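The next block holds one structure in the form of structure tokens; read it before the comments.
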Amino acid sequence: MSCNYADSLSPYPNKGVLGVAEQFDKESDINEKISKLVEWLQNAKHVVVHTGAGISTSAGIPDFRGPNGVWTLEKKGEKPNVNVSFNDAIPTKTHMALRCLLSKGYVQYIISQNIDGLHMKSGVLRSCISELHGNMFAEQCNKCRRQFIRSSPTETVGQKACGGSCHRGCRGGILLDTILDWEHDLPERDLDMAFMHSTLADLNIALGTTLQIIPSGNLPLKNKKHGGKLVICNLQPTKHNKKADLIICAYVDDIMTKLCKRLGLEIDAYDAVNDPTTHPNDCNQEWTIKPHQVKDIEKMYNTKMKKAAVQRKASKNSPAVFTKTEEQPSSKRKCKDKLNNVALKSEIRTEIKSE
Ligand SMILES: [Zn+2]
């Protein structure tokens with residue numbers, strides 16, 4: 001599959017702002033801004049990184065809206081000069097730095113719009129990533145919804161049959177690619193996890209994205225009403241620059257290299273041993289977000305929301321009034337938890353629809 005997978009998607013007129021000139025901060029400004037980012041990273045408890053096409057350009061994969069992006073060139077009647085296939089592309093410095101930051105506990109979660117599978121190839125665990133638009137190196141059973149890792153990119157896009165039947169032997173279960181076309185809903189568990197992590201984050205960092213696609217582009221703002229910070233690292237201006245607490249205009253690979261150095265971390269080189277797509281014999285490798293992983297985050301999310309509601313109430317009824325809350329019987333609690341979950345789902349849907 002060529003890296004210009006956009007060619008395979010249905011025609012779509014609303015491609016957003018294209019080809020805006022890139023801006024570069026002065027070296028001294030970059031260093032100063034990275035000092036601030038290091039300080040925030042060290043003090044944050046929950047850091048979520050949102051990645052877009054800009055983090056894969058140094059792997060040879062064109063972005064969409066950059067000066068040489070797929071859609072910028074398409075508008076001029078040109079095609080990108082692609083020098084790598086999805087099969088040969090390997091994770092960049094940024095992908096490897098993120099893996100390192102996750103393993104050292106500086107970052108808790110990644111939310112990616114990229115379908116190139118480079119986060120997976122870097123060795124990031126499924127429990128640490130939402131892939132909102134799919135992954136070329138994953139396929140999904142249409143019956144049990146389990147996802148499996150592929151050793152080569154899918155030849156199809158738009159959730160079509162990509163050959164083969166479910167590795168778990170589901171009756172009639174066939175494997176589909178996971179790449180979204182414009183009319184598709186985002187994958188539910190990936191989106192739920194992304195929404196909750198973004199809201200829980202005291203620091204959301206957007207890397208290499210102009211934040212123009214919704215809902216993905218609005219997720220980094222979800223922590224703002226809870227006092228969280230937003231950092232944007234992108235060469236082009238983004239849709240949400242006005243809401244950012246810090247904007248760094250530099251190559252993301254340079255930012256991540258400097259950041260890791262300042263934290264005393266060494267970024268590992270890409271190693272095929274940690275790349276699950278290089279183990280073709282193990283066709284049972286799953287790439288499914290497990291329900292219990294969603295539940296764990298739901299608990300954290302509900303706790304945060306309850307705390308926020310109490311704080312709001314306290315600030316309204318100032319001076320604060322403390323009331324004793326009675327422990328509820330477990331069956332009632334269970335019922336309430338269920339209701340909370342339903343409320344959470346509908347809240348996610350409403351917020352996303354209203355965008
Ligand atoms: Zn199945």
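With full-length UniProt numbering, the residue at position 73 of the sequence shown is 73, and numbering never jumps. The C-beta atom is built at its ideal place from N, Cα and C for all residues, glycine as well. This one's a predicted model, so the numbers in the text were calculated from it and none came from an experiment.
Would you say residue i and residue j are within 9 Å of each other, going by their C-beta atoms?
i           : j           : result
residue 48  : residue 284 : no
residue 216 : residue 111 : yes
residue 228 : residue 202 : yes
residue 136 : residue 126 : no
residue 106 : residue 42  : yes
residue 57  : residue 208 : yes
residue 212 : residue 84  : no
residue 175 : residue 206 : no
residue 190 : residue 130 : yes
residue 186 : residue 40  : no
residue 30  : residue 254 : yes
residue 86  : residue 287 : no
residue 193 : residue 55  : no
residue 113 : residue 133 : yes
residue 240 : residue 223 : no
residue 167 : residue 146 : yes
residue 226 : residue 304 : yes
Start and end of the alpha helix (DSSP H) containing residue i?
i           : result
residue 296 : 291-316
residue 100 : 93-103
residue 42  : 27-43
Excluding the five sequence neighbours on either side, which residues of its own chain have a C-beta within less than 7 Å of the C-beta of residue i, listed in chain order?
i           : result
residue 256 : 93, 94 and 97
residue 300 : 200
residue 157 : 5, 8, 9, 177, 179 and 181
residue 20  : 236 and 237
residue 12  : 182
residue 121 : 90, 91, 275 and 277
residue 289 : 126, 189, 190 and 193
residue 170 : 141, 143 and 144
residue 70  : 4, 6, 62, 64 and 80
Tell me which same chain residues have a C-beta within less than 6 Å of the C-beta of residue i, skipping the five on either side of it?
i           : result
residue 123 : 99 and 274
residue 251 : none
residue 278 : 272
residue 101 : 107
residue 293 : 127
residue 244 : 230 and 232
residue 50  : 111, 206 and 220
Just to confirm my understanding: we take residue i, look at its own chain, exclude 5 residues before and 5 after, and list those with CB closer than 8 Å. What are they?
i           : result
residue 22  : 66, 67, 235, 236 and 249
residue 271 : 123
residue 368 : Nothing can be reported for residue 368, as the shown portion of the chain is limited to 1 through 355.
residue 261 : none
residue 45  : 202
residue 38  : 259, 262 and 263
Return the first residue and the last residue of the beta strand (DSSP E) that residue i is part of.
i           : result
residue 140 : 138-141
residue 125 : Where residue 125 is concerned, there is no enclosing beta strand (DSSP E), given that its DSSP letter is neither H nor E.
residue 49  : 47-51
residue 73  : Residue 73 -> not in any beta strand (DSSP E); alpha helix (DSSP H) instead, spanning 70-75.
residue 164 : 161-165
residue 112 : 109-112
residue 174 : 174-177
residue 64  : Note, residue 64: premise wrong, no beta strand (DSSP E); not H, not E.
residue 115 : No beta strand (DSSP E) holds residue 115; DSSP gives it neither H nor E.
residue 149 : 147-149
Quick check: does the Cβ of residue i come within less than 8 Å of any heavy atom belonging to ligand 2?
i           : result
residue 278 : What this structure holds is ligand 1, not ligand 2.
Practice task
Note down, one range per segment and in chain order, each beta strand (DSSP E) of at least 3 residues found wholly within the segment 200-255.
Solution key: 203-207, 229-233 and 246-248
Problem - Chain-ordered list of residues that sit, by beta carbon, closer than 5 Å to a heavy atom of ligand 1 - result: 141, 143, 144, 166, 168, 170 and 173
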